[in-house]
Amino acid sequence: MTVILFRLFLLIAVGIIIFSITKYLLDPRRKLEAAYREGDFYLLDESGNVRKNVIFTFGNAMFEGEKFLGSTDNSFEVTTIMVGTEDSDQLHGLSTTDFHFIEKELTLRYPKATIEWRSPIKELLKRLDRQGK
Numbered sequence: 001m002t003v004i005l006f007r008l009f010l011l012i013a014v015g016i017i018i019f020s021i022t023k024y025l026l027d028p029r030r031k032l033e034a035a036y037r038e039g040d041f042y043l044l045d046e047s048g049n050v051r052k053n054v055i056f057t058f059g060n061a062m063f064e065g066e067k068f069l070g071s072t073d074n075s076f077e078v079t080t081i082m083v084g085t086e087d088s089d090q091l092h093g094l095s096t097t098d099f100h101f102i103e104k105e106l107t108l109r110y111p112k113a114t115i116e117w118r119s120p121i122k123e124l125l126k127r128l129d130r131q132g133k
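So this is what it looks like as structure tokens:
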């Protein structure tokens, strides 16, 4: 009887370990961190949940976009996304083309939303436009 219980507990432990490894490998936050380290673009978003912010990475910079719900012609949808970053030092090396790419990717997911940049990104874009970059 003890051997059967031990085998049962061992089987349950192996199942829990396999479940934990699978959950870790499929976790979108892990993919976001990997893209952040590599400098790739990755967007983490729950499009069905307006209360959750959009978190994305591009070119070794981590961004967060706050979604605002508004009324459109036939329904309530995300009408504004305010994008900002906590660490302005990460913006070094990004160009106007990079920010246009980010806007395009967000507009693909939220076609009726306007993208607004928070400070210091807004000032950086103004400075880059004056310099013609």
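Okay, so the sequence shown: first residue is 1 according to full-length UniProt numbering, each after it adds one. A virtual CB, placed ideally from N, CA and C, is assigned to each residue, including glycine.
For this session: Put valine 78 into one of helix, strand or coil per three-state DSSP.
Result: strand
Problem set entry | aspartate 40 versus glutamate 46: straight-line alpha-carbon distance, rounded | 20 Å
Exercise. By Cβ distance below 7 Å, which residues in the same chain neighbour leucine 32 in space, the five residues on each side in sequence not counted?
Worked result: Tyr42, Leu44, Ile55 and Thr57
For this session: Quick one: which unbroken alpha helix (DSSP H) runs of 4-plus residues sit fully inside the region 20-106? Chain order, please.
Result: 28-38
For this session: Please report how far the alpha carbon of serine 119 lies from the alpha carbon of arginine 51, in whole angstroms.
Result: 22 Å
Exercise. Excluding sequence positions up to five away, which residues of its chain have a Cβ less than 7 Å from the Cβ of glycine 59?
Worked result: Gly39, Gly93, Leu94 and Asp98
Exercise. Where glycine 132 and lysine 122 are concerned, what is the direct C-alpha to C-alpha distance, given to the nearest angstrom?
Worked result: 15 Å
Problem set entry | Distance between beta carbons of methionine 82 and glutamate 66, contact taken as under 8 Å | 5 Å
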